[in-house]
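Presented below is the structure to which this report refers.
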Amino acid sequence: MSKILSDIEIARNAKMQPITEIAEKLGLTYDDIELYGKDKAKISLDAYKKLQSKENGKLVLVTAISPTPAGEGKTTTNIGLSMALNKLGKKSSSALREPSLGPCFGIKGGAAGGGYSQVVPMEDINLHFTGDIHAITTANNLLSAMIDNKIYRSGEPSIDPRRITWKRVIDMNDRSLRHTVIGLRGTAHGIPREDGFDITVASEIMAILCLAENFTDLKARLGKMIIAYNKDGTPIHADDIGATGALSILLKDAIKPNLVQTLENTPAFIHGGPFANIAHGCNSVMATKLALKVSDYVVTEAGFAADLGAEKFFNIKCRYAGLNPDAVVLVATARALKYHGGVKKEDFAEENVQAVERGFVNLKRHIENIKQFGVPAVVAINKFPTDTDQEIQTIIDLCSKMNVKAVLSDVWAKGSEGGMELAEEVVRLCEEEENKFEFLYDENESVKEKIEKICKKIYRAGEVVYTKKAEADIKRLEKFGLDKMPICMAKTQSSFSDNPKLIGAPEGFDITIRELRVKAGAGFVVALTGDIMTMPGLPKVPAAEHMDIDEDGQISGLF
Numbered sequence: 000m001s002k003i004l005s006d007i008e009i010a011r012n013a014k015m016q017p018i019t020e021i022a023e024k025l026g027l028t029y030d031d032i033e034l035y036g037k038d039k040a041k042i043s044l045d046a047y048k049k050l051q052s053k054e055n056g057k058l059v060l061v062t063a064i065s066p067t068p069a070g071e072g073k074t075t076t077n078i079g080l081s082m083a084l085n086k087l088g089k090k091s092s093s094a095l096r097e098p099s100l101g102p103c104f105g106i107k108g109g110a111a112g113g114g115y116s117q118v119v120p121m122e123d124i125n126l127h128f129t130g131d132i133h134a135i136t137t138a139n140n141l142l143s144a145m146i147d148n149k150i151y152r153s154g155e156p157s158i159d160p161r162r163i164t165w166k167r168v169i170d171m172n173d174r175s176l177r178h179t180v181i182g183l184r185g186t187a188h189g190i191p192r193e194d195g196f197d198i199t200v201a202s203e204i205m206a207i208l209c210l211a212e213n214f215t216d217l218k219a220r221l222g223k224m225i226i227a228y229n230k231d232g233t234p235i236h237a238d239d240i241g242a243t244g245a246l247s248i249l250l251k252d253a254i255k256p257n258l259v260q261t262l263e264n265t266p267a268f269i270h271g272g273p274f275a276n277i278a279h280g281c282n283s284v285m286a287t288k289l290a291l292k293v294s295d296y297v298v299t300e301a302g303f304a305a306d307l308g309a310e311k312f313f314n315i316k317c318r319y320a321g322l323n324p325d326a327v328v329l330v331a332t333a334r335a336l337k338y339h340g341g342v343k344k345e346d347f348a349e350e351n352v353q354a355v356e357r358g359f360v361n362l363k364r365h366i367e368n369i370k371q372f373g374v375p376a377v378v379a380i381n382k383f384p385t386d387t388d389q390e391i392q393t394i395i396d397l398c399s400k401m402n403v404k405a406v407l408s409d410v411w412a413k414g415s416e417g418g419m420e421l422a423e424e425v426v427r428l429c430e431e432e433e434n435k436f437e438f439l440y441d442e443n444e445s446v447k448e449k450i451e452k453i454c455k456k457i458y459r460a461g462e463v464v465y466t467k468k469a470e471a472d473i474k475r476l477e478k479f480g481l482d483k484m485p486i487c488m489a490k491t492q493s494s495f496s497d498n499p500k501l502i503g504a505p506e507g508f509d510i511t512i513r514e515l516r517v518k519a520g521a522g523f524v525v526a527l528t529g530d531i532m533t534m535p536g537l538p539k540v541p542a543a544e545h546m547d548i549d550e551d552g553q554i555s556g557l558f
């Protein structure tokens with residue numbers, strides 16, 4: 000029996016083409032790209048501008064059912080589908096988020112796909128890549144330094160040190176930094192106050208980078224960020240302390256979309272990486288729009304399950320970018336359905352058709368939710384070696400009863416060959432099915448109306464409960480005219496509810512909105528529920544413990 004290669008071993012054996020040749024496939028010239036070595040490039044802003052008059056290709060969103068310990072394979076499916084579409088003769092590309100170092104060294108160990116459906120160079124993409132996330136970290140923390148300097152110098156505008164909303168960030172999972180005290184050891188070292196860190200991908204600057212249409216829009220959004228309040232409760236913006244220009248300088252290269260390739264040399268745009276249970280969880284608008292101008296089909300994704308990533312993709316990203324998605328791929332696995340049907344992780348390998356039937360309620364709910372947005376969908380059953388024919392057929396039959404086709408996807412093991420049926424169905428949906436895409440709510444509705452539409456129509460909550468702080472936050476939003484923006488729900492990814500233990504498809508539960516945070520630059524209001532934290536911690540055994548590099552520079556442990 001042949002050895003099963005690890006993801007990093009498969010990636011290391013890839014026959015990559017020079018990135019200049021990948022660019023040529025898209026009609027991009029040498030002058031349109033900025034090289035980061037032989038296999039990575041950024042697309043110049045001039046190239047982005049000159050392509051805007053071209054017609055768009057088809058936009059396909061890959062999303063998934065509620066995450067489980069089994070893993071659903073959303074990114075792997077995305078990459079495999081883009082390669083399969085190319086094999087069908089369609090000029091396709093993939094549009095993905097950049098991996099964050101926190102999850103890479105924490106639980107995930109990497110986020111560049113898997114098996115024979117990966118983007119490469121895998122090590123670079125998972126680590127420092129082209130430095131975008133580091134640039135965002137630096138810009139965020141420059142703003143923090145300018146805020147504290149303004150307080151130290153007693154300058155105008157007068158910032159209330161007790162009402163600073165801007166936090167420092169680091170691209171790492173570090174629970175010890177959630178709550179800190181700064182400015183100790185005397186007046187020479189600043190004004191003592193409580194502070195804390197978020198993970199970089201939760202920074203509003205990351206959200207802004209991913210929603211900006213161009214550099215002018217980026218600067219305008221940066222200036223609108225609310226960083227604190229004065230003693231009268233009036234918002235203070237980044238522009239008010241003269242920070243906008245400096246922040247923009249630090250992001251002058253980070254705003255440019257990145258171009259790499261898949262194992263089968265399909266172009267891949269990887270740019271931006273906001274969290275999906277804290278922010279909107281989608282890659283950058285600029286990368287998606289660029290891909291649509293140079294491809295017949297663009298396969299993108301939204302983080303976590305459809306109740307988080309897809310809902311925000313539709314209601315936030317598509318709203319601001321003017322995008323009209325042509326099809327949705329909803330990823331599910333037999334293992335995940337067994338989990339939602341009550342099976343423990345250690346028993347996933349055993350056939351259990353009854354558990355698949357019980358757990359189908361989760362997939363059913365997500366299918367129903369996608370239908371609310373009017374976009375045609377297909378279910379991709381991501382194949383695992385232990386899946387049985389009867390389990391797979393059960394999923395196909397149950398989906399058929401909902402008038403949705405389910406197809407087997409084996410792109411992890413077979414690359415594009417394992418995704419041909421899925422690609423054919425995606426093309427059929429885009430070319431033949433009626434598309435009636437619409438938003439779930441009007442952004443001009445009240446804050447509570449928007450929240451309750453999401454909670455009741457998508458999550459199936461019975462009642463929405465607001466804490467005293469949330470009620471006060473809503474009044475402040477209304478007072479300053481900050482309430483007419485989309486809502487970005489911060490909720491556990493593990494359940495439709497705000498309780499991660501309520502798996503399957505719970506309904507009629509209460510969901511508590513504990514506070515609201517306005518992201519005026521990004522253009523949305525974050526509604527926090529449950530115990531969602533903006534700085535994750537490392538697990539008991541982090542992936543970092545199993546990583547190493549040898550004297551020849553060969554990395555191990557990334558997966």
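Sequential numbering of the sequence shown, starting at 0, is according to numbering that gives the first Met the number 0. Note that the Cβ used here is the ideal one computed from N, Cα and C, for glycine as well.
Can you tell me whether residue i is buried or exposed? The criterion is at least 16 other CB atoms within 10 Å of its CB, across all chains shown.
{"i": "ASN12", "result": "exposed"}
{"i": "ASP441", "result": "exposed"}
{"i": "THR199", "result": "buried"}
{"i": "GLY88", "result": "exposed"}
{"i": "LEU217", "result": "buried"}
{"i": "TYR296", "result": "buried"}
{"i": "HIS127", "result": "exposed"}
{"i": "ASP45", "result": "exposed"}
{"i": "VAL259", "result": "buried"}
{"i": "LEU476", "result": "buried"}
{"i": "LYS449", "result": "buried"}
By how many angstroms is the C-alpha of residue j removed from the C-alpha of residue i?
{"i": "VAL360", "j": "VAL403", "result": "14 Å"}
{"i": "ALA164", "j": "ILE226", "result": "With the sequence shown as reference, residue 164 is identified as Thr, and Ala is not the correct amino acid for it. If I take the Cα positions, the gap works out to 5 Å."}
{"i": "LEU50", "j": "LEU289", "result": "7 Å"}
{"i": "ALA286", "j": "GLY271", "result": "9 Å"}
{"i": "ASN434", "j": "LEU60", "result": "14 Å"}
{"i": "LYS344", "j": "GLN16", "result": "40 Å"}
{"i": "PHE214", "j": "ARG357", "result": "49 Å"}
{"i": "ILE473", "j": "VAL463", "result": "14 Å"}
{"i": "HIS188", "j": "ALA144", "result": "12 Å"}
{"i": "LEU336", "j": "GLU71", "result": "10 Å"}
{"i": "ILE9", "j": "ARG427", "result": "32 Å"}
{"i": "ILE124", "j": "GLU97", "result": "7 Å"}
{"i": "VAL446", "j": "ILE369", "result": "23 Å"}
{"i": "ASN598", "j": "ALA211", "result": "Lying before the first or after the last residue shown, residue 598 is absent from the chain, which here runs from 0 to 558."}
{"i": "MET0", "j": "SER99", "result": "Because the pLDDT of MET0 is 47, which lies under 50, any placement of that residue in the model is unreliable, and the number read from its coordinates should be weighed accordingly. Computed Cα separation, rounded: 36 Å."}
{"i": "THR491", "j": "GLU514", "result": "15 Å"}
{"i": "ILE135", "j": "ILE531", "result": "22 Å"}
{"i": "LYS39", "j": "ILE548", "result": "22 Å"}
{"i": "PRO66", "j": "ALA138", "result": "32 Å"}
{"i": "ASP551", "j": "VAL293", "result": "38 Å"}
{"i": "ALA543", "j": "GLY108", "result": "7 Å"}
{"i": "THR186", "j": "ALA253", "result": "36 Å"}
When you compare the CB positions of residue i and residue j, do they come within less than 7 Å of one another, or not?
{"i": "ILE150", "j": "ILE158", "result": "yes"}
{"i": "SER116", "j": "GLY321", "result": "no"}
{"i": "ILE132", "j": "GLY520", "result": "no"}
{"i": "VAL339", "j": "GLY105", "result": "The identity of residue 339 in the sequence shown is His, whereas the question assumes Val. Not in contact: HIS339 and GLY105 (Cβ atoms no closer than 7 Å)."}
{"i": "ARG334", "j": "ALA83", "result": "no"}
{"i": "VAL284", "j": "SER93", "result": "no"}
{"i": "SER493", "j": "PHE508", "result": "no"}
{"i": "ASN564", "j": "LEU249", "result": "This structure gives no information on residue 564, because the portion of the chain shown stretches from 0 to 558."}
{"i": "GLY112", "j": "THR75", "result": "yes"}
{"i": "GLY417", "j": "VAL410", "result": "yes"}
{"i": "HIS279", "j": "ILE315", "result": "yes"}
{"i": "ILE512", "j": "TYR458", "result": "no"}
{"i": "PRO384", "j": "ALA326", "result": "no"}
{"i": "THR528", "j": "ILE510", "result": "yes"}
{"i": "PRO156", "j": "MET205", "result": "no"}
In chain order, what residues of the same chain lie with their CB nearer than 7 Å to the CB of residue i, ignoring the 5 residues before and after it?
{"i": "ALA405", "result": "VAL378, ILE380, ILE394, ILE395 and CYS398"}
{"i": "GLY36", "result": "none"}
Report all residues from its chain with a CB closer than 6 Å to the CB of residue i; omit the five preceding and five following residues, and keep chain order.
{"i": "THR179", "result": "ASP194 and GLY195"}
{"i": "GLU20", "result": "none"}
Within a Cβ cutoff of 8 Å, which residues of the same chain sit near residue i, ignoring the five residues on either side of it in sequence?
{"i": "GLN353", "result": "GLY340"}
{"i": "MET171", "result": "LEU100, GLY101, PHE104 and ILE198"}
{"i": "ARG318", "result": "PHE438, GLU442 and PRO485"}
Task: Segments of 4+ residues assigned as alpha helix (DSSP H) that fall wholly inside the region 104–172 - done: You should have 121–125 and 131–151.
TODO: Kindly provide the ranges of any alpha helix (DSSP H) runs that are 4 or more residues long and lie completely inside the region 394–457, ordered along the chain.
DONE: Fully contained in the region 394–457 are the following alpha helix (DSSP H) runs of length 4 or more, in chain order: 410–413, 419–431 and 446–452.
Open item on the list: So within the region 27–85, which uninterrupted alpha helix (DSSP H) runs reach at least 4 residues, ignoring any that extend past its ends?
Closed with: Counting only runs of 4 or more, we get 44–49.
TODO: Write down every uninterrupted run of the alpha helix (DSSP H) in the region 210–261 whose length is 4 residues or greater and which is fully enclosed by it, in chain order.
DONE: If we require 4 residues or more, the alpha helix (DSSP H) runs fully inside the region 210–261 come out as 214–223 and 243–249.
Task: Residue ranges of each alpha helix (DSSP H) within the region 261–326, 4 or longer - done: Entirely contained in the region 261–326, the alpha helix (DSSP H) runs reaching 4 residues are, in chain order, 284–293.
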